[in-house]
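Q: Read in order, the letters of the sequence shown are residues -21 to -1, 1 to 64 in mature numbering (1 follows the signal peptide of the UniProt record, and there is no 0).
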Amino acid sequence: MTMISATILVAASSLAGTATAAQHSFRMEGQPVAYTETVAADGTRHIQGQRISDRQSFRFKVRADGRVSGHVGDTPVRFRVDRNR
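1. Comparing C-alpha positions only, which one of Arg34, Arg57, Arg38, Ser36 sits nearest to Gly45?
2. Would you list the residues sitting across from Arg34 in a DSSP beta bridge?
3. Would you kindly work out how many angstroms separate the C-alpha atoms of Ala1 and Arg24, rounded to a whole number?
4. Among all the DSSP beta bridges, which residues are the ones paired with Thr15?
5. Please say whether Ala13 and Ile26 have beta carbons closer to each other than 8 angstroms?
6. Give me the residue from Val47, Gln29, Thr17, Ala20 with the minimum Cα distance to Gln4.
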């Protein structure tokens, strides 16, 4: 699950700075993934979406310090990312 989480977050990181909910999609290991991203006033990014093929959902909250928390399906995840990517 962490590999999925990290891959989605790296893809989303290149789209940082979105002021309103923006729809994005990409392919991860040949599987289509769609998500929305919003940025709160405090800089926290909220990313949610799903892997299209099996409808596996995910939700992440990315804090300004690079700490990520959320869920992939029913599994809670926590990790760090480089916010400068």
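Note that CB positions come from ideal geometry on N, CA and C, so glycine has one too.
A: A quick look at the data gives this:
1. Arg57
2. Bridge partners of Arg34: none, in fact.
3. 12 angstroms
4. Gln2, Gln27
5. no
6. Per the sequence presented here, residue 4 reads as Ser, with Gln not at that position. Nearest C-alpha to Ser4: Gln29.
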